[in-house]
RNA sequence: GCGGAAUUGGUGAAGUGGUUAACACGCCGGAUUGUGGCUCCGGUAUGCAUGGGUUCGAUCCCCAUAUUUCGCCCCA
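See the structure below:
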């Protein structure tokens, strides 16, 4: 038997229903927030991700799906959504249009990592990118939007953690201060942190091993190394979040894994038990230097991404997601009735009425059962004798009342009783 | 990438080194010869993840592989 590749999964049954609900909520929300839908390629040139996500990051060094096509082009399956949107922004010269551009995407991402609960190699992210505005209001909106969307989907235990990474030079100042502080304690840190000390000292902040140690508890805060301008900006973001009634918590240990972030970064976490170690449902931040780094004009941007599988997983505890009910189920026994059934079904479906019928030769009794399983509101009973007279029996599956009506009036009847 | 655990029909699962692999749900059929959802009766895994090995004999023991899962790492 051929099985699915490791880390992939099929979206079926209840899962499919939930995904449909989630996707509809996303489209609905984004429409009202006035975000444009954008779809970029699932694979891009390898360089794009290496330059955007960061040459030193784990995502790029050990998690990308890299391959060569038949013409030896170096390609990579996208591990995240921002790079493609930024590339498209520059390539299509959208910086020449009315800014800001507000985009949302929703698609599969690929990371070669150890699969587990809420972690897959092929997974789905929905995200928003706003390109061309440095207004702190954008930061607040990028945080409040997923927050409200998640609330709408039933989450009541959300926690927003927010931090300010500041400008490049702010971060350089902080990095130096951090290294200065950590240097005498270097031997007390875990192996990974010793490596990070040189490669990416900021990441030491959210290390799980050393996180609880005294050394890290007294570490200097990045918030104390911000320029006046950066600090002012961050205060403004928080102020707007207050107005928007978003429940947040400033956490100076939040550092994101992608290199392109600066200024505001945030994570939205849920404490749902089913999530286990995958409690971060949405996360994002500002990336004011990325467009320029990729060859476009300097353009301040902000975005977030939200993992749909994790969202779906957490929704398990929130509500009951059943297949939508069927408007009508047609029951028939012989060939003459069957032909009538398929014609009738076609007409009703064309009139916006959801209809189904048996195609496995089930007994009449089983057809009744099948109708119940599908939660059909109306049963259409085809009977050769009645058909000769142009009549069709309709039975209300709730009241059990039966009505015989003229077959020409059935669509009107269904519409007025549906 | 490292360490632990798991893997029995459509589903939830019992079980044992030795003839026909419990039970429940579901599904199909019948009682009810074209009006059901209750009840009763019957059917429903030639197979216990895959490949090797040990054995007279393995679903059960051993090894490998795959997948899932938990923790680490990382992240959505």
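Residue numbers (the numbering used here): 115 to 532.
Where is the CB? At the ideal position from N, CA and C, for every residue including glycine.
This structure is a prediction, so every number in the text was calculated from the model and none was measured.
| query | result |
| --- | --- |
| Check for me: the alpha helix (DSSP H) holding residue 509 runs from which residue to which? | Note, residue 509: premise wrong, no alpha helix (DSSP H); beta strand (DSSP E) at 505 to 510. |
| In terms of DSSP beta bridges, what is residue 276 paired with? | 364, 380 |
| Would the stretch 402 to 413 and the stretch 449 to 461 be scored as touching if the rule is three or more Cβ pairs under 8 Å? | no |
| Report buried or exposed for residue 300, applying the criterion of at least 16 other Cβ atoms within 10 angstroms of its Cβ. | exposed |
| Exposed or buried, what is residue 117 when buried is set at 16 or more other beta-carbons lying within 10 Å of its beta-carbon? | exposed |
| Taking one C-beta from the stretch 246 to 263 and one from the stretch 222 to 238 each time, how about it: are there three or more such pairs within less than 8 Å? | no |
| Between which two residues does the beta strand (DSSP E) carrying residue 117 extend? | From DSSP, residue 117 is part of no beta strand (DSSP E); its letter is neither H nor E. |
| Can you give the beta carbon distance from residue 521 to residue 506, rounded, assuming they're within the 8 Å contact cut? | 5 Å |
| What's the gap between the Cα of residue 319 and the Cα of residue 340? | 17 Å |
| If you draw a straight line from the alpha carbon of residue 374 to that of residue 292, how long is it in whole angstroms? | 20 Å |
| From the DSSP secondary-structure annotation, give me the bridge partner or partners of residue 516. | 509 |
| Unbroken alpha helix (DSSP H) runs of length 4 or more, entirely within the stretch 139 to 225: which are they? | 160 to 166, 172 to 176, 196 to 205 |
| Which of the three DSSP states, helix, strand or coil, is assigned to residue 374? | coil |
| Would you be able to state if there are at least three C-beta pairs under 8 Å between the stretch 204 to 215 and the stretch 177 to 188? | no |
| Taking contact to mean at least 3 C-beta pairs separated by less than 8 Å, is the stretch 426 to 433 in contact with the stretch 378 to 390? | yes |
| Between the Cα of residue 313 and the Cα atoms of 220, 172, 504, which residue gives the shortest distance? | 172 |
| When you compare each of 149, 247, 228, 130 to residue 402 by their alpha carbons, which one comes out closest? | 247 |
| Can you tell which of 219, 211, 199, 225 has the C-alpha that lies nearest to the C-alpha of residue 193? | 225 |
| How many Å lie between residue 188 and residue 164 at the Cα? | 12 Å |
| Would you list the residues sitting across from residue 239 in a DSSP beta bridge? | 221, 421 |
| Per DSSP, what kind of secondary structure is residue 303 in: helix, strand or coil? | coil |
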